[in-house]
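Participant:
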Amino acid sequence: MTKRICVVIQSTAFLSSAGMRIRYERFMEGIVGGDVEIVAHPIADLIGKPLNYDAYLFCKTFTLEAIILAHAAKRQGKIVAQDLFDDYFSQSTDQRLFIYRDWLRAMAPLTDVVLCTTRRMKAVIQPFLPECPITVIEDPITDYDPFRIAALADRKTDRARMSRTLRIAWFGIGDNPYFSVGLSDLTAPAVITQLAALAKQGWQSLLTVATNLRALDVNGLALLRNIPIPVELIEWTEAVEQKVLADADVALLPVSSQGFSRAKSLNRALTALNQGCQIWSLGEPLYEELEPFIYRSSAVMLSDLDSERPRIRSETVPELTHFLGRTANAFQAGRTFASAILGKDSPPIPSPFAVIHGWQTTVAIHKLTSGQGGLSVKSPYCGAAWNFPVRFDAIGQDIVVKVSTRLAPHYGIPVHPQASEKIGDFEFATVMPDAYPPLPRISAATGAPLRNVASYGDVMESIRCAIRALLPGTLTYVSDLSSFRTVASGHG
Amino acid sequence: MADMSTCIAFHIDLIQDVSALRPLVRLASSSLAERILLVSPNFRALDRENFWFAQIERLASETGASILSYANEFDVFRALSRRRGICIAGSESDVRAHRGTHDLFRSMPSGFLRVTLQHGFECLGFLHNERHTASFGRNIRFAADIIVGWFDRTRLKDVSEREASKLYVAGPMMMIEDGPLPDVRAFDPYCGIICENTHSVRFSSNRTQQNFLKEVEQLGERLDAVGKRLHFRPHPAGQFLMRTKYELPTGVAVEDAPLFELNLTNYAFAISAPSTILFDFILAGVPTAIWGCGKIDASNFAGLRQIGSSDDCWRFVAESTLVREDLLSRQNAFVADLGIPRDVRDRYAGLLALSGA
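Chains as they are written, first to last, in our numbering: chain L, 5 to 496; chain Y, 22 to 378.
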């Protein structure tokens with residue numbers, strides 16, 4: 005019987021992104037036999053619908069919606085898997101990235117299998133998911149045509165040698181919202197020095213940069229200004245990338261030493277090799293594995309070109325083919341992919357879940373929670389007037405716990421026998437304080453943001469403990485888009 | 022690949038840049054280098070009625086330059102990346118009003134030498150009115166590699182020490198084109214011009230603006246009574262008439278043609294609050310007075326005729342016809358003291374030669 009894997013993505017825009025293209029489409033090409041099907045869907049198309057797939061592979065979906073969907077899938081005994089390719093997790097002192105670390109921790113109890121692209125990435129995420137098997141699947145290479153590579157490479161060598169002109173290409177995303185990578189790697193002082201040195205060795209050179217328009221703003225262009233050889237700029241598209249690489253003698257691949265860059269795959273080098281380019285790797289030795297086929301020094305590269313013996317040439321292509329067959333084999337990768345995900349039993353978890361609403365939350369999450377059979381819980385920081393079945397309200401400096409009178413007997417929650425009160429559409433009873441661990445006092449739930457920041461972490465953690473005591477086995481998630489969470493949670 | 026074509030680019034971002042750069046664009050017309058007029062999106066937005074863009078088109082066709090009206094810095098980088106040469110801006114510094122040119126200079130391909138001009142008698146980063154300093158401070162920085170000044174270094178008191186090594190003194194651009202010497206007798210007695218620049222930071226209060234307009238009214242009436250006409254010139258960048266819907270008093274005529282189209286020597290006198298236009302009239306041999314009633318800093322114009330009151334103003338108008346030679350010799354002494362180089366045209370020609378053509 006055909007097994008079906010659903011790749012869960014954030015939006016349809018991702019369907020045309022590099023990640024999708026490089027990875028899943030190549031896996032699909034590599035899986036032969038037709039007993040495994042891979043389909044990608046944006047998260048919005050899956051939520052609230054019947055869960056018809058055997059496995060759900062979450063890919064770059066760092067939202068609470070994704071967690072709720074994973075929870076629903078897990079309760080129905082579906083396999084929940086994650087594919088992680090960018091290191092947004094190892095920067096434990098960077099609060100901007102707290103949301104990623106927090107998401108990964110929340111997903112940990114729901115996750116059966118994790119895939120990632122590199123060994124370095126595996127080491128980064130292992131501490132977050134100590135129980136989970138993590139499988140490294142490198143990006144496979146497809147459309148590999150050894151004859152074309154051989155012919156292209158030899159022609160490029162001839163042209164370069166006769167004209168003593170080196171056409172250099174740099175390609176890819178030029179910016180990142182969190183890290184200085186891309187154009188700033190290309191214009192790092194060490195790279196500038198190396199480019200300037202080409203002229204000293206008697207070579208003319210031209211650098212073609214194919215990158216996204218957003219990166220080519222004033223600051224990006226101001227960086228490119230520092231490049232000491234002529235630069236040609238082209239807006240990146242997949243077709244442009246192929247064309248630029250087919251025309252270039254050398255692909256320049258500078259890599260910085262920050263965690264984000266070090267966890268990257270070999271993909272850019274493989275893409276360039278596939279177009280018959282020499283590879284010029286500078287900075288972090290990310291492409292070490294490809295050692296016999298790449299250059300670290302321009303002097304060696306230029307003298308090899310002069311003597312018509314560059315590392316990529318028709319004579320070396322058989323070796324390259326053999327090497328890629330071992331490391332970037334699409335058939336192998338496709339099979340590993342399918343067996344890693346589908347080879348695991350996924351015991352359903354019976355646990356219900358609760359979403360604790362913080363300072364800044366959305367009604368969409370509130371509705372989604374109840375729609376998926378979860379409990380929407382109001383914290384004292386939440387000012388919304390929705391129908392929460394469980395409430396943690398601030399009365400003076402005390403936090404009082406109230407549950408709807410319909411819910412209390414269902415879970416056997418001991419409530420105050422006195423008269424109930426009506427809030428919104430529900431009748432509420434106050435929970436007996438000895439039914440849960442004591443809650444801290446709160447200075448003021450509204451109006452004093454600074455004092456609230458100080459108590460936020462402590463209060464939210466106590467609410468989680470209280471929920472676990474009142475509703476045993478429940479998994480809790482927090483819905484709060486405000487910077488409160490990040491600040492209150494500190495590092496980690 | 023090595024033979025990149027040479028190019029002289031001019032950057033036009035503010036309305037005033039057109040007049041400031043015009044003599045230089047004309048001077049460059051004999052250069053072998055390709056000449057491009059870069060017109061910024063900001064300029065197109067300011068020039069809503071395309072009046073000044075038409076001037077640019079005319080200048081381009083007269084001088085054989087091409088026009089690149091660009092949308093963002095990337096357009097310019099792409100257009101210039103296979104060229105080398107020099108890019109000259111009418112106005113550039115790190116203050117907000119010059120942001121467009123500053124960003125363009127920061128992101129310009131490295132084959133270009135970046136030059137900005139002192140674009141007025143008082144000019145940010147070169148020579149400040151006290152209001153300039155109060156609003157923007159004294160440490161005005163440039164992205165340009167060369168900053169071109171009008172006067173001797175000692176007169177340019179507001180060039181930051183950090184920028185001083187970039188200074189090249191070439192003189193005012195309006196002195197590039199030496200026309201025939203002005204005939205000081207060929208003027209219309211009593212027919213003068215009063216110039217408005219109330220949008221300037223120099224007008225620190227509404228009160229001062231109102232006083233200025235009252236002066237226009239009174240002078241207009243007095244001249245009208247003797248059958249003479251007062252001309253009123255709104256600043257090209259201020260869009261004063263459009264902005265305020267100001268109705269000119271009877272007997273006062275608007276004169277808003279580009280300055281380079283006017284024969285300045287026809288006027289009997291010129292009055293303005295501190296502004297570069299005073300300097301244009303001084304060079305044209307027209308008696309000039311600075312209006313400010315003590316409320317506007319005119320220290321950079323010390324030595325010239327100052328007007329404090331309405332009667333003062335009327336007396337100056339009479340003097341401009343009756344004792345014209347006295348006023349003019351006083352003005353000439355003021356100019357002689359500025360340390361303007363004698364060879365303005367040659368100095369700008371030398372600057373253009375840096376394009377490598």
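Quick reminder that beta carbons are idealized off the backbone N, C-alpha and C, glycines included.
In this text, all values refer to a predicted model and were calculated from it rather than measured experimentally.
Between I13 of chain L and F62 of chain L, what straight-line distance do the alpha-carbon atoms span, to the nearest angstrom?
Facilitator: For the purposes of this step, residue 13 of chain L is taken as residue 9 along the first sequence, with counting starting at 1. For the purposes of this step, residue 62 of chain L is taken as residue 58 along the first sequence, with counting starting at 1. Cα to Cα, I13 of chain L sits roughly 7 angstroms from F62 of chain L.
Participant: Would you mind giving the Cβ-Cβ distance between I33 of chain Y and G111 of chain Y, rounded to the nearest angstrom? I have them listed as a contact below 8 angstroms.
Facilitator: Taking the first residue of the second sequence as 1, we reach residue 33 of chain Y at position 12. Taking the first residue of the second sequence as 1, we reach residue 111 of chain Y at position 90. The Cβ separation is near 6 angstroms, so the contact holds.
Participant: Output yes or no for whether 8 angstroms exceeds the beta carbon distance between S260 of chain L and D189 of chain L.
Facilitator: As a working mapping, residue 260 of chain L is identified with position 256 in the first sequence. As a working mapping, residue 189 of chain L is identified with position 185 in the first sequence. In contact: S260 of chain L and D189 of chain L (Cβ atoms closer than 8 angstroms).
Participant: Anything in the stretch 100-115 of chain Y with a Cβ closer than 7 angstroms to a Cβ of chain L? List those residues in chain order, please.
Facilitator: Here the close residues are S102, R103.
Participant: Is DSSP giving L210 of chain L helix, strand or coil here?
Facilitator: Start at 1 with the first residue of the first sequence, and residue 210 of chain L comes out as number 206. L210 of chain L falls in the strand class under three-state DSSP.
Participant: Once DSSP output is grouped into helix, strand and coil, what is the label at P4 of chain L?
Facilitator: As displayed, chain L neither begins before 5 nor continues past 496, which places residue 4 of chain L out of reach and without an answer.
Participant: Go ahead and label G280 of chain L buried or exposed: buried means 16 or more other beta carbons lie within 10 angstroms of its beta carbon, across all protein chains shown.
Facilitator: Counting from one through the first sequence, the residue named residue 280 of chain L turns up at place 276. That one is buried.
Participant: Comparing the C-beta of L199 of chain L with each C-beta of chain Y, is any distance below 8 angstroms?
Facilitator: Residue 199 of chain L sits at position 195 when you count from the first residue of the first sequence. It does not: the Cβ of L199 of chain L has no partner Cβ on chain Y nearer than 8 angstroms.
Participant: Once the 5 residues before and after A164 of chain Y are set aside, which same chain residues still bring their CB inside 6 angstroms of it?
Facilitator: In the second sequence, residue 164 of chain Y corresponds to position 143, counting from 1. So the list reads H123, F126, R127, once near-sequence residues are dropped.
Participant: Buried or exposed: where does H420 of chain L fall if 16 or more other Cβ atoms within 10 Å of its Cβ makes it buried?
Facilitator: Along the first sequence, one-based indexing puts residue 420 of chain L at 416. Classification of H420 of chain L: exposed, given that the 10 Å Cβ count is below 16.
Participant: Let me check one thing: in DSSP terms, what residues is R254 of chain Y bridge-paired to?
Facilitator: Here residue 254 of chain Y refers to the residue found at position 233 when the second sequence is read from its first residue. Per DSSP, Y:C216.
Participant: In this structure, how does DSSP classify I9 of chain L when only helix, strand and coil are distinguished?
Facilitator: For the purposes of this step, residue 9 of chain L is taken as the residue at position 5 of the first sequence. If DSSP states are grouped into helix, strand and coil, I9 of chain L belongs with the strands.
Participant: Output the distance between the C-alpha atoms of F392 of chain L and A344 of chain L, rounded to the nearest integer angstrom.
Facilitator: Working through the first sequence from its first residue, we reach residue 392 of chain L at position 388. Working through the first sequence from its first residue, we reach residue 344 of chain L at position 340. Cα to Cα, the separation comes out at about 40 angstroms.
Participant: Please tell me whether V457 of chain L has its Cβ less than 8 angstroms away from any Cβ of chain Y.
Facilitator: Start at 1 with the first residue of the first sequence, and residue 457 of chain L comes out as number 453. Answer no: the Cβ-Cβ gap between V457 of chain L and chain Y never drops below 8 angstroms.
Participant: Here's the rule: buried if 16 or more other CB atoms are within 10 angstroms of the residue's CB, otherwise exposed. What is Y481 of chain L?
Facilitator: Position 477 of the first sequence holds residue 481 of chain L. Result: buried.
Participant: Check P46 of chain L in the structure and name its three-state DSSP category.
Facilitator: By one-based count along the first sequence, residue 46 of chain L stands at place 42. Strand.
Participant: Can a CB atom of chain L be found closer than 8 angstroms to the CB of F64 of chain Y?
Facilitator: Residue mapping note: residue 64 of chain Y aligns to position 43 of the second sequence, counting from 1. No, no contact with chain L.
Participant: Using the beta-carbon count (16 or more within 10 Å), is I417 of chain L buried or exposed?
Facilitator: Taking the first sequence and counting its residues from 1, one reaches residue 417 of chain L at position 413. Answer is buried; the Cβ neighbour count reaches 16.
Participant: Under a CB-based cut-off of 8 angstroms, is P46 of chain L close to chain Y?
Facilitator: Start at 1 with the first residue of the first sequence, and residue 46 of chain L comes out as number 42. No - not a single Cβ of chain Y is within 8 angstroms of the one on P46 of chain L.
Participant: Pull up the distance between the alpha-carbon of I71 of chain L and that of T97 of chain L, whole angstroms please.
Facilitator: Translated into positions along the first sequence, residue 71 of chain L becomes position 67. Translated into positions along the first sequence, residue 97 of chain L becomes position 93. Near 24 angstroms, if we compare the C-alpha coordinates of T97 of chain L and I71 of chain L.
Participant: Should L138 of chain Y and A41 of chain Y be called a contact, given that it needs their Cβ atoms to be closer than 8 angstroms?
Facilitator: Numbered from 1 along the second sequence, position 117 holds the residue referred to as residue 138 of chain Y. Numbered from 1 along the second sequence, position 20 holds the residue referred to as residue 41 of chain Y. Yes, these two residues count as a Cβ contact at 8 angstroms.
Participant: So, does the CB of P234 of chain L fall closer than 8 angstroms to a CB anywhere in chain Y?
Facilitator: Walking along the first sequence from the start, residue 234 of chain L turns up at place 230. Cβ-Cβ to chain Y under 8 angstroms: yes for P234 of chain L.
Participant: Output needed for V128 of chain L: all residues of its chain with C-beta closer than 8 angstroms, excluding positions within five of it in sequence on either side, in chain order.
Facilitator: As a position in the first sequence, residue 128 of chain L is number 124, starting the count at 1. Counting only Cβ-Cβ distances below 8 angstroms, and skipping sequence neighbours, we find D91, F93, S94, G263, A267.
Participant: Which value, in whole angstroms, describes the spacing of the CA atoms of S293 of chain Y and T265 of chain Y?
Facilitator: Against the second sequence, residue 293 of chain Y aligns to sequence position 272. Against the second sequence, residue 265 of chain Y aligns to sequence position 244. C-alpha separation (whole angstroms): 19 angstroms.
Participant: Spatial neighbours of V39 of chain Y within its chain, please: C-beta separation below 7 angstroms, excluding the five flanking residues on both sides.
Facilitator: Start at 1 with the first residue of the second sequence, and residue 39 of chain Y comes out as number 18. Excluding positions up to five away in sequence, the list reads I33, W73, Q76, I77.
Participant: Out of curiosity, what's the CA-to-CA distance linking H495 of chain L and Q99 of chain L?
Facilitator: Here the question's residue 495 of chain L lines up with position 491 in the first sequence. Here the question's residue 99 of chain L lines up with position 95 in the first sequence. In this prediction, H495 of chain L has a pLDDT of 49, which is less than 50 and means its spatial position is unreliable; what the coordinates show is noted afterwards. About 6 angstroms.
Participant: Taking the straight line between their C-alpha atoms, what separation do you get for G259 of chain Y and W171 of chain Y?
Facilitator: Along the second sequence, read from residue 1 onward, the residue named residue 259 of chain Y stands at position 238. Along the second sequence, read from residue 1 onward, the residue named residue 171 of chain Y stands at position 150. Between G259 of chain Y and W171 of chain Y, the C-alpha separation is close to 24 angstroms.
Participant: At a Cβ threshold of 8 angstroms, is S131 of chain Y touching chain L?
Facilitator: For the purposes of this step, residue 131 of chain Y is taken as residue 110 along the second sequence, with counting starting at 1. Yes, its Cβ sits closer than 8 angstroms to a Cβ of chain L.
Participant: Spell out whether any CB of chain Y is found under 8 angstroms from the CB atom of T346 of chain L.
Facilitator: Position 342 of the first sequence, counted from the start, is the residue given in the question as residue 346 of chain L. Note that residue 346 of chain L corresponds to Leu in the displayed sequence, not to Thr. So, not an interface residue.
Participant: Below 8 angstroms between beta carbons: does that hold for A358 of chain L and L475 of chain L?
Facilitator: The residue given as residue 358 of chain L occupies position 354 in the first sequence. The residue given as residue 475 of chain L occupies position 471 in the first sequence. For A358 of chain L and L475 of chain L, yes; Cβs fall inside 8 angstroms.
Participant: Is the shortest distance between the beta-carbon of S483 of chain L and the beta-carbons of chain Y less than 8 angstroms?
Facilitator: For the purposes of this step, residue 483 of chain L is taken as residue 479 along the first sequence, with counting starting at 1. Not one chain Y Cβ lies under 8 angstroms of S483 of chain L.
Participant: Across which residues does DSSP place P44 of chain Y in a beta bridge pair?
Facilitator: Position 23 of the second sequence holds residue 44 of chain Y. The partner list for P44 of chain Y (beta bridge, DSSP) is empty, contrary to what the question assumes.
Participant: Which residues mark the beginning and the end of the alpha helix (DSSP H) in which P413 of chain L is found?
Facilitator: The count along the first sequence starts at 1 and reaches residue 413 of chain L at position 409. P413 of chain L -> alpha helix (DSSP H) spans 411-415.
Participant: Using the beta-carbon count (16 or more within 10 Å), is F302 of chain Y buried or exposed?
Facilitator: As a working mapping, residue 302 of chain Y is identified with position 281 in the second sequence. Answer is buried; the Cβ neighbour count reaches 16.
Participant: When Cβ atoms are compared, which residues of the stretch 316-338 of chain Y fall closer than 9 angstroms to chain L?
Facilitator: So the list is empty, because no residue satisfies the distance condition.
Participant: According to DSSP, is S380 of chain L part of a helix, a strand, or is it coil?
Facilitator: Counting from 1 along the first sequence, the entry for residue 380 of chain L is found at position 376. DSSP places S380 of chain L in strand when its eight states are reduced to three.
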